[in-house]
Amino acid sequence: MSTDFQGEHLMPGHLGQFFIILSFGSALLSTISYFFATTQSNKLDQSWFRLGRWSFYVNTFSVVAIGCCLFYIIYNHLFEYHYAWAHSSSTLPVYYIISSYWEGQEGSFWLWTFWQAVLGNVLIWRAKSWEKPVMVVVGLSQVLLSSMLIGVEILGSRLGSSPFILLRDAIEGPIFSRPDYMQYVKDGNGLNPLLQNYWMVIHPPTLFLGFASMIIPFAYAVAGLWQRRYKEWVAAAIPYALFAVMILGTGIIMGSFWAYESLNFGGFWNWDPVENASLIPWLVLIAAVHVLIVFKNTGHSYFTATLLTLLSFVLVLYASFLTRSGILGETSVHAFTDLGMFWHLVVDVLVFLGITVGLLIWRWKELPFSKKEEETYSREFWVFVGSAFLALSCLQLVIVTSVPVWNAIFKTNIAPPTNPITLYNIFQAGFAVVVTFFLGFTQFLKYKKTDATRFYITTLLYLFVAALLTAVVVYITGLYKLKLVFMLAMFGAIYGILANSKILADAFKGKFKLAGSAVAHIGFALLLVGALIAAGTSKVVSQNETGIIQVKDFDKAGDARENIMLYKNQPVDMGGYKVTYIGDSLVAPNHYFKVDYKKYNEAGKLTEHFVLTPNSQANAKMGLVSSPDTKHYLLHDLYTHITAAPIKEEEGLAAGSTEIGHDEHDATEDDKHYNPPVVYEASLGDTIRFREGYMVLTGLNKAPKLQNIPLGKNDVAVGAQLQIVSHGITYKAEPVFMIKGGNTFDFARKVDDVGLKLRFSKIIPEKNKFELTIYQQPESQKPYIVMRAINFPYINFFWSGTIIMVIGFLMSIFRRSSELKVVEVKGKPAKTKAGTLV
Amino acid sequence: MKKSSILGIIVIAVAIAVIISTYSNTSTYGSFKDAEQTKDELHIVGHLNKDKQLYYEPTKDANYFSFYMRDNKGEECKVVFTGTKPQDFERSEQIVLTGQMRGKEFHASKILMKCPSKYTQDKLEVTEAKAKQANI
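Order-wise, the sequence lines are chains R and C.
What the first sequence shows, in this note's numbering, is residues 3 to 840, in sequence order.
What the second sequence shows, in this note's numbering, is residues 516 to 651, in sequence order.
Given below as C-alpha cells:
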C-alpha cells in the first residue's frame, strides 16, 4: 500500500491538518476552562480563566494558520490537494483565487470560524464581567464549527470534511495507483464562472461575518439566563445585535447585487432557498433587536426579546443545515452538495436549540415578566406587535423553504409550490404592509403613555399625505396592474418614509438620539419601494415586434416568449430601441457579444446610442455560462443577457476564430454552407442586389495580390473590386479570376458579416462583361444570438435604500454603545430609568 | 382579557393560515400519467432520453425547445418548453419539470436540472492520461 508518490507537496497539508486538530482541541479546552471559570466558587482563583483565554488565543492562531496553509496550497496550484483541484485552476487570477478559497463548503466553514475567532477576541477585550459565560457559548460554537473541518474517520464514519484531503484520497481512480500520477494532474477544475465576479470576493466574507456575529447576542442571552443577570445582558447585547443585523443585511444585499450583475435568472431576488436561508435569521434578529430595545426602555416583553434573540442564532444554524446538507437538492440549483455531514449539521442545530429550550425551561419561574399590562397607546406595545409580525413573515419563509425537510421528517412526498416566487411575493408583501405601517405610526407614540388625540391627528395626517403620494406613484409606475397587496405595501412603505422623515427632521432640531432608527427605517422603506416597483413592474422588452415564425403544432404556453433572435448586423425593433448584434470579441475565456442599442425620436433623429456587451463563457469543464450586461439609468436599468448563441468550446475559442462553418480546404464542402449560387453578368459600375443589401462592381485590379502563386508571362490575374453595402455598413471584397498555363482558376472571397461568398468566375470579353457567382448563406448559418432584455424601473431606490439603512444601523450602534459607556462609567447596573431615553 | 393574549391569538391564527395556504399551494410530484388526468400544474422528476433528438432551432423560433423525458415510472413523453435550451442540458442527470399536459405534449413552465455535480465535480478526466499510458 505504501506507494512512493512523486511530485506531491505533503508538508502544507500535514501542517494544515495539524492546525485543524489544534483549533478543535484548543476551542474545546477554552470552552471547558471558561465553563469552570464561570461556575467555580472561589472567585480569586484565576487559573481556569487564564487557561480559557490562552486556549482561545491558541485557537485564533491555529485558525489563521489553517487559512495560511490553504491559501499556500491554492496559490501555488498544488493540485494534489482535492480542494485546490476542485476549486481553482492555474489560470485563475489572484483575486479569484480568493473567491475560489470560499467556494467550497470547507472554505466557507473556515471563514466562519475565522470571523468567530476574531469576534471572540473582541469579546475578550471588551466584554468585562460578561467574558466568562459569554465565551463559553462562543467557544462551544467554535468547537462545533471546527469539528466540521476535521475530516478524520472515527468509528467508521468520517467526521467533518477537511480542506487538506489529497486528491488521491478523495477520488477513486486507477490512475492513483501510479506513483507518478501527478504528471497527469496538470490543472484544476477551475472556478465556476458565475463566481468569477468581484462581488464574490467580498460578498461571502461579509455574509459570514454577519452569521458569525449573530453568536454574540445569543451568547449574551444565554449568559444572562445562566448567570441570573436577566436584565443586564440586554443593554450589552443591543450594539452587537445591531452590528450583526447591519453586516448580515449588507452581505445579503451584496449577494443580491451579485445575482443582478452576474446570474442570469433575471433579477436581484429569486426567493431561492439559499437566499431565504440568510434572510430568515436576519429578519428574526431585526425583530429581536426591536423587542430588546422595548424591554430596555420599559421592562416589558422580556420573554419575547430573549426567545427571538436565541432563535435567531438557531435559525442561522438551521439555514446552514438547509444549504449544506444537500436536503434542498431538488428545489435549489445552487445549494451545496452533501459532503456526508447531514447528521453533523443536525447535531449542531439540536445542540443550540437544546440550550435555548433547556435554559428557558430551567429559568422559567424566575424570568422577569412584567406584571403590568402595556398601555394601548404606548410605543412598547405596538413595536412588540410589529416585531411579532416580522417574526411571522419568517415563519412563512421557513415553512415553505423547508418543504424538503418536512418530507424527510414525515416521510411525505410534497412538492414545493409550483410558483413559489408568486407565493412568497404575495405573502411577504402582506407582512410588509403590516410591518411598514407599524414602523411608521409607532414613531408617533411614546413609551409608557401617549396622548391619544394628538397621536390620532398626526397619524391620520401622515396617512392622508401618504395615500395621495401612493396614488401618484402607483399611477406613474403602473403598479395598479398588480394585486392590491402590492399597492398596500407601497402605501405602507411611503407612509413609513414620511413618518420617519418627520422624526429625522425633529432629530436635526436636537433629539439626535432618534436619528439612527429613523434613518434605518427610511432606508428599509425605500428598499421596499424599489423592490416593489422593480420586481413588480419589470418588463421583458425583448419581444420581437416584427412578427415571429410560428412552429407547427405549437400553441403558446403562457406568455413566455421572452427571447429574441438577432442575426448579425440585422437590426430589430425591440421595446422602442433598434437593436443590432454587431459582433463579438474574445477575451478568453469570455466571449463578449456586442449588442448595439439605438433610440430614435419621432422625427427619426438618433437620441440615444450605446453598446452593451453581455458575455458567455464556454468553459469546457463547467459548460456554458452567461453573464448579463446592464445599462444603468437614474430611474431604470436595461438588463441584457444572452440565452443562446453558437459558441465554441474553449479550445476553439483560443484559436481566435468565432465564425461558424468555415472549412477552407474543400471548396465543394464549403459550398454546402451556402444556398445554391446565383450567377450575374455585370459591367463596371453595375449594381447587384442580394437579400440583405447590394454590391457595386467599382473597378478591376489588374495586379491583384496573390500569395504563393507566381505568375508566368502569359498568365493573367484580375481582381473584381466590389463594394458591398448591407444594413448601412460598407464592406470591400476582391475575388480574383486567373488564367494560368491555359487553365482558368478563381479565388473566392468571403464577407462573413454579410454571409456572402463571391467568385469572379469568368470574363466575357465579347460583351465586355464579367461573370460573378454569388453564394449567400442561408439564414440559419449566419452568426446570431438569442438574447433576453429586461427593464427594471426605479431599481436605484432599492440600492440606495440599502445604503441608507446601513448608515442608520451604524448610527444606532454608535448611540447604543455610547449609552453603554455612560452606564459603565457611572458604575451602575446597565438599567436605565425608563422614559429618560427615547 | 389581556391585550397580549389577544395578540397571541392573532399570531396563532395567522400562523395557521400561513401553514394551510402553503399546504394548499404545494403541488405533488407526479408522473406523466398523473399529468394526463389533471389540469393542475405538477412536478415531474425524470431523466432526459438522450437517444432522441433535442430540438432547439433558434433561427426558426428562439422560444421553442423540445425534448423527450422519461419519468421515474419509465413513461416517456415529449416536453415542450417556451424558451431557450438551458445551457448544458445534454449533460443533465436528473430533471425536475413544472408544468401541465397539453394534448400529448407536456408543456413545462420551469425546468430544474441537475448536472453531474457541476460545481464539485468529483470525476477526474482521465481520457488524456489513458492515452499517454498506452504510449509508455
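Every residue gets a Cβ at the ideal spot worked out from N, C-alpha and C, and that includes glycine.
Among the residues of chain C, none has a CB under 9 Å from the CB of Glu768 of chain R; the nearest is roughly 43 Å distant. By the neighbour-count definition (other C-beta atoms within 10 Å, threshold 16), Tyr635 of chain R is an exposed residue.
Under the DSSP definition of a beta bridge, Arg751 of chain R partners with R:Leu760. If you check the CB distance, Met150 of chain R and Gly141 of chain R do not come in under 8 Å. In the same chain as Gln445 of chain R, and ignoring 5 residues on each side of it, the C-beta atoms closer than 8 Å to its own belong to Ala501, Asn502, Lys504, Ile505, Ala520 and His523, in chain order.
Here Glu133 of chain R is buried, its C-beta having at least 16 other C-beta atoms within 10 Å. Remark: fewer than three beta-carbon pairs, one from each stretch, lie closer than 8 Å, so the region 215-226 of chain R and the region 773-790 of chain R are not flagged as touching.
Given a length threshold of 4 residues, each whole run of the alpha helix (DSSP H) inside the region 391-438 of chain R is given here in chain order: 405-412. Contacts between Gly598 of chain C and chain R, judged by CB atoms closer than 8 Å, involve Ala562, Glu564, Asn565 and Thr645 in chain order. Around the beta carbon of Asn603 of chain R, a 10 Å sphere encloses fewer than 16 other beta carbons of the protein chains shown; the residue is thus reported as exposed.
The C-alpha of Ile34 of chain R lies about 17 Å from the C-alpha of Asn123 of chain R. Contact of Gln602 of chain C with chain R is assigned, a C-beta pair being separated by under 8 Å. The C-alpha of Ile531 of chain C lies about 24 Å from the C-alpha of Ser280 of chain R. Arg563 of chain R is not bridged by DSSP to any residue. Our two residues, Lys567 of chain C and Gly561 of chain C, have alpha carbons roughly 15 Å apart in a direct line. Annotation for Glu551 of chain C: the continuous alpha helix (DSSP H) segment containing it runs Phe547 to Gln552.
With fewer than 16 other Cβ atoms from the protein chains shown falling within 10 Å of its own Cβ, Glu683 of chain R counts as exposed.
Inter-residue distance for Val581 of chain R and Asp598 of chain R is about 6 Å (C-alpha atoms, whole angstroms). For Asp598 of chain R, the pairing in a beta bridge is given by DSSP as R:Thr582 and R:Val613.
At a beta-carbon threshold of 9 Å, the residues of chain C lying near Leu425 of chain R are Ser536, Thr537 and Asn540, ordered along the chain. Scanning chain C for C-beta atoms nearer than 8 Å to the C-beta of Phe383 of chain R yields Lys518, reported in chain order. Lys518 of chain C and Asp453 of chain R have their C-alpha atoms roughly 19 Å apart.
For Ala279 of chain R, no beta strand (DSSP E) run applies; the uninterrupted alpha helix (DSSP H) run containing it begins and ends at Pro275 to Thr300, by DSSP.
Taking C-alpha positions only, Leu361 of chain R is separated from Val224 of chain R by approximately 7 Å. Taking Phe73 of chain R as reference, the option from R:Trp104, R:Ser57 and R:Gln48 with the minimal CA-CA separation is R:Trp104. In chain order, Glu332, Ala417, Pro418 and Thr420 make up the part of chain R whose C-beta sits under 9 Å from the C-beta of His558 of chain C.
For Gln398 of chain R, the nearest beta carbon of chain C is closer than 8 Å to its own beta carbon.
Minimum Cα-Cα distance from Ser314 of chain R among the listed residues R:Gln19, R:His79, R:Leu397 and R:Gly269 corresponds to R:Leu397. Excluding five sequence positions before and after Phe526 of chain R, the CB atoms of its chain that fall closer than 6 Å to its own CB belong to Met807, given in chain order. When secondary structure is reduced to three states using DSSP, Arg817 of chain R falls in the helix class.
For Val597 of chain R, no CB of chain C lies under 8 Å from its own CB, so it is not counted at the interface with that chain.
In the DSSP assignment, Tyr59 of chain R is bridged to no other residue. Excluding the 5 residues flanking it on each side, Pro14 of chain R has same chain C-beta neighbours closer than 6 Å at Cys71, Tyr74 and Ile75, in chain order. Taking each of R:Ala536, R:Ile295, R:Phe739 and R:Phe514 in turn and checking the Cα distance to Leu713 of chain R, the smallest one comes out for R:Phe739. A contact between stretches requires three or more CB pairs, one per stretch, nearer than 8 Å, and the region 252-266 of chain R meets this requirement with the region 194-201 of chain R. Counting only the Cα atoms, Val533 of chain C lies some 19 Å from Pro283 of chain R.
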